[in-house]
Amino acid sequence: MNIFSKKPNAKEALRESRRELTHATRGIEKEISALQSEEKKLVAEIKRTAKTGNETATKVLARQLIRLRQQIANLQGSRAQMRGIATHTQAISAQSSVAAGMKGATKAMTAMNKQMDPAKQAKVMQDFQRQSAQMDMTTEMMSDAIDDAIDDDEAEEETEDLTNQVLDEIGIDVASQDLKEKYALA
Numbered sequence: 016m017n018i019f020s021k022k023p024n025a026k027e028a029l030r031e032s033r034r035e036l037t038h039a040t041r042g043i044e045k046e047i048s049a050l051q052s053e054e055k056k057l058v059a060e061i062k063r064t065a066k067t068g069n070e071t072a073t074k075v076l077a078r079q080l081i082r083l084r085q086q087i088a089n090l091q092g093s094r095a096q097m098r099g100i101a102t103h104t105q106a107i108s109a110q111s112s113v114a115a116g117m118k119g120a121t122k123a124m125t126a127m128n129k130q131m132d133p134a135k136q137a138k139v140m141q142d143f144q145r146q147s148a149q150m151d152m153t154t155e156m157m158s159d160a161i162d163d164a165i166d167d168d169e170a171e172e173e174t175e176d177l178t179n180q181v182l183d184e185i186g187i188d189v190a191s192q193d194l195k196e197k198y199a200l201a
């Protein structure tokens, strides 16, 4: 161990752990494959000795076959445990990433909350509403002043004709409504 090397961070440690688990799993799988091929050879040898009638040799080989199969089963269990550990490690990594993301989001939200003082924001909104209302009043006054300056009976008549035309297009008869209103009031 090198005492001058820096301590690995969590991401590097996870990567190294994953690499070691993958290497160990591959080693176990190679061992299982070798034992399975040995099992096939042993089964063939048991069949040969059984054909020759050598009962004691067949029993010894059968015991070896049983032990060999137990070793294979044990190694398969170890391989399953290694894969489980790898999956667990991956899940921890994902949770760590989520936690880091939440930490960053929390910092950003905190910074935004510090910048956005509720009292200041309420004052800005009130000022905006007041200025908007003042602008609307100014615009209306200017529009009325322009209308008064241009106050042309011809323009008013033209506007009324256009309004009646639009209302006729949408199916409202203004003249008949005006007559009904006059007679209803009288």
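Take the sequence shown: its letters are residues 16 to 201, numbered as in this note's numbering. Note that beta-carbon positions come from the ideal geometry of N, C-alpha and C, so glycine has one too.
Inter-residue Cα distance where the pair is residue i and residue j
i, j, result
"M156", "S147", "14 Å"
"F143", "D163", "30 Å"
"Q130", "Q141", "18 Å"
"R145", "A134", "17 Å"
"T178", "K122", "59 Å"
"L50", "K62", "18 Å"
"K55", "Q79", "12 Å"
"Q86", "G92", "10 Å"
"A106", "I100", "10 Å"
"Q136", "A120", "22 Å"
"K21", "S111", "21 Å"
Exposure label - residue i; buried when at least 16 CB within 10 Å
i, result
"D151", "exposed"
"L76", "buried"
"M15", "This structure gives no information on residue 15, because the portion of the chain shown stretches from 16 to 201."
"I161", "exposed"
"M127", "exposed"
"M124", "exposed"
"E27", "exposed"
For residue i, the three-state DSSP class (helix, strand or coil)
i, result
"M131", "coil"
"G92", "helix"
"G116", "helix"
"G99", "helix"
"N24", "coil"
"N69", "coil"
"I185", "coil"
"A201", "With a pLDDT of only 48 at A201, under the threshold of 50, the placement of this residue in the model should not be trusted, and no figure is reported."
Any non-hydrogen atom of the ligand PLP closer than 8 Å to residue i Cβ
i, result
"K45", "Among the ligands in the structure shown, none appear at all, so the ligand PLP cannot be discussed."
Close Cβ partners of residue i (< 6 Å) along its chain, the five nearest in sequence each way excluded
i, result
"L29", "S108"
Neighbourhood of residue i by C-beta distance below 7 Å, restricted to the same chain and skipping five residues each side
i, result
"A65", "T73"
"V181", "none"
"M97", "L36, A39, T40 and I43"
Same chain only: Cβ atoms within 8 Å of residue i, ignoring 5 sequence neighbours per side
i, result
"E53", "L83"
"E46", "L90"
"P23", "E31"
"E173", "none"
"R94", "T40, I43, E44 and I47"
Of the listed residues the options, nearest to residue i (C-alpha basis)
i, options, result
"T104", "L36, D159 and Q149", "L36"
"T102", "E70, K21 and R34", "R34"
CB contact below 9 Å: residue i versus chain D
i, result
"S48", "Although the question refers to chain D, the structure presented lacks it and comprises just one protein chain."
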